[in-house]
Structure formats: C-alpha cells, structure tokens
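J.: The sequence shown begins at 1 in full-length UniProt numbering and counts up one residue at a time.
For every residue, glycine included, the Cβ atom is placed at its ideal position computed from N, Cα and C.
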Amino acid sequence: MARKTNSATQRLKQDYMRLKKDPVPYIIAEPNPANILE
1 MARKTNSATQ RLKQDYMRLK KDPVPYIIAE PNPANILE
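#1: Less than 7 angstroms separating the beta-carbons of Y16 and P31?
#2: Can you give me the C-alpha to C-alpha distance between A23 and A29, rounded to a whole angstrom?
#3: Got a sec? Which residues, its chain only, sit under 6 angstroms from T9 by beta carbon, not counting five neighbours each side?
#4: May I ask you to report which of helix, strand or coil DSSP gives A29?
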C-alpha cells in the first residue's frame, strides 16, 4: 500500500507543478500542505 501512496503523491506533485506553470483560466487549486492526498 505504501508504494501506491508514494506513486500517487509523486503524481499529484507533478500535476500541481504543471498547473502552477501553466494554470487553467478561472480555476484555482492547491493541495492541502499537511496531506496532498486529501
């Protein structure tokens, strides 16, 4: 299970960095700093 959580966290971080670099107009999204999976 930890492996799935790790890969999910890594994927979400990549998605977040991509959104910060090229944001979608009129949409704001940020992960929960305490838990990116929430």
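T.: The structure says:
#1: yes
#2: Residue identity check: residue 23 is Pro in the sequence provided, not Ala. Rounded to whole angstroms, P23 to A29 spans 9 angstroms at the Cα level.
#3: I36
#4: coil
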